[in-house]
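Single-structure report; data block below.
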Amino acid sequence: FLAGHFPGLQWPITLGHEMAGPIAEVGDGVEDFAVGDRVAVGRFGGNCNRCIPCRRGSFMQCERMQVPSWQYPGGYAESVTAPAT
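Structure, rendered in structure tokens:
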């Protein structure tokens, strides 16, 4: 983390890269999920497959990857807004 190998990481962070729980709210345009659905949020996801690291096969270096506790608060937060992907 400290060496800068994870693009988009900003301090401070809230840890918790794997989480599960019920949906409390859904955002505009979300059609595949509903309030009350039980969901799990994976630790890695949202690889764009378009940036230079992705095209090189370095998916862990994706410039647009959405990872809990890196791009948004992790599972130890009181609540989390996660992408619907």
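The number in the numbering used here is simply the position in the sequence shown, starting from 1, with 4 added. Here a beta-carbon is modelled for each residue, glycine too, at the ideal position from N, C-alpha and C.
Item, Value
"Ordered along the chain, which non-local residues of its own chain (more than five positions away) have a Cβ less than 6 Å from that of residue 84?", "77"
"What are the residues that DSSP puts in a beta bridge with residue 39?", "Answer by DSSP bridge pairing: none, since residue 39 is not bridged."
"Out of 21, 65, 22, point me to the one whose CA is closest to residue 53's CA.", "65"
"Would you decide whether residue 70 is buried or exposed? Buried here means 16 or more other CB atoms lie within 10 Å of its CB.", "buried"
"To test your reading of the DSSP string, which unbroken alpha helix (DSSP H) runs of 4 or more residues are found completely within the stretch 22-85?", "56-59"
"Taking 9 Å as the threshold (C-beta atoms), are residue 23 and residue 39 in contact?", "no"
"Please list, in chain order, all residues of the same chain as residue 88 whose beta carbon is under 8 Å from its beta carbon, the five residues on each side excluded.", "30, 31, 34, 36, 37"
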